[in-house]
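Here's the structure we're looking at; comments come further down.
There are 2 protein chains.
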Amino acid sequence: MKIREDYTCPLEIAHDIMKGKWKPIILFQLQREPVSLSALERSIAGISQKMLLEQLKELQAFGLVDKHAFDGYPLRVEYSLTPDRGRRMLEAVRIMQQIGVDIMVEQGQTDFLDAKGIAYSKDGCPQKSG
Amino acid sequence: MKIREDYTCPLEIAHDIMKGKWKPIILFQLQREPVSLSALERSIAGISQKMLLEQLKELQAFGLVDKHAFDGYPLRVEYSLTPDRGRRMLEAVRIMQQIGVDIMVEQGQTDFLDAKGIAYSKDGCPQKSG
DNA sequence: CAGCATCCGATCTGATACTG
DNA sequence: CAGTATCAGATCGGATGCTG
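Sequences listed follow chains A and B, in order.
Quick note, the first sequence lines up with residues 47 to 176 if you use the working numbering.
Quick note, the second sequence lines up with residues 47 to 176 if you use the working numbering.
Now the structure itself:
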């Protein structure tokens, strides 16, 4: 995957980086630690492997995500946020996430809040299994 | 326009708020002051009136944008960011924009930077006319 | 100036089956 | 476990013409 070199507007790049249903969620899920493809797939409800791989590739191309492949069997791979660009974009994702939380609370949906009404369970998104 | 009330994930809402090619650009253009529809249209290169109106409506529905209509002829309307949600989302947009700037600089595109190499001309996006 | 409706091609995304 | 290929339906977005 190669990045266009004829962008004329920074926000056009930003859109290409973040577009689609899954990118912000993927970045959000990578915030704690490097994770395997299958772990990522399990942590994101509803995503197909095709979309996950495709979006991860784009994030890698733009320098937000790193991939580390280990030799041997079974195959093992770990994805992580890059310290600079990935972490910075995570800040933007956090803001968006918080606004989403606000709206859910405003709608009376407080299920995902903890006892103190501050933090939210897991990452605030439904997980695949237990 | 009515907002879904069955969201299960804050980032799902965030995506609905920001999805599409134009929302971040519109928020960015609204940061300085309230503007009319036609001014907005002029300041965003390539957007159609249909998309502009449609996206503004969605941003209003989610509480990021306010609209103020004045009586009399010619018709006059002003759009602005809401002080809370709109301004907060603008922070996320700024982060995304800055990452876009970084990538453009990395690609050797420095045309839009000012003499000091820090700020960028206009809003960093091409404008319609002069 | 502000706003709406329709048509239609481009793009995105999910399901499914297959490879190393 | 990690990753690829293909096909079909859904969604997105641009052009255009019309109303108050």
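Built from N, CA and C at the ideal position, the CB exists for glycine as well.
Helix, strand or coil at residue i according to DSSP, with G and I counted as helix
i: B/Lys113; result: strand
i: A/Ser175; result: Annotation note: pLDDT 48 at A/Ser175 (below 50); position unreliable, coordinate value reported separately. Here A/Ser175 sits in coil by DSSP.
i: B/Met47; result: coil
i: A/Gln143; result: helix
i: B/Leu57; result: helix
i: A/Pro120; result: coil
i: B/Ile63; result: helix
i: A/Ile93; result: coil
i: B/Leu98; result: helix
i: B/Gln17; result: Nothing in the structure corresponds to residue 17 of chain B, since chain B is present only between 47 and 176.
i: A/Leu136; result: helix
i: A/Phe108; result: coil
i: B/Asp52; result: coil
i: B/Leu76; result: coil
i: B/Asp130; result: coil
Beta-carbon proximity check, residue i vs residue j, cutoff 7 Å
i: A/Gln106; j: A/Lys96; result: no
i: B/Arg131; j: A/Ile141; result: no
i: B/Gln143; j: A/Leu127; result: no
i: B/Cys55; j: A/Cys55; result: no
i: A/Val147; j: A/Leu83; result: no
i: B/Lys65; j: A/His61; result: no
i: A/Gln77; j: A/Leu136; result: yes
Beta-bridge pairing of residue i - partner residues as DSSP gives them
i: A/Tyr125; result: A/Val81 and A/Lys113
Presumed contact (8 Å Cβ cut-off) between residue i and residue j, rounded CB distance
i: A/Leu102; j: A/Ile72; result: 7 Å
i: A/Ile49; j: A/Phe108; result: 7 Å
i: B/Pro138; j: A/Ala138; result: The sequence given here has Ala at residue 138 of chain B, not Pro. Rounded, the Cβ-Cβ distance is 4 Å, consistent with contact.
i: B/Tyr53; j: B/Leu86; result: Contact flag wrong, Cβ pair sits at about 28 Å.
i: B/Glu51; j: A/Gln153; result: 5 Å
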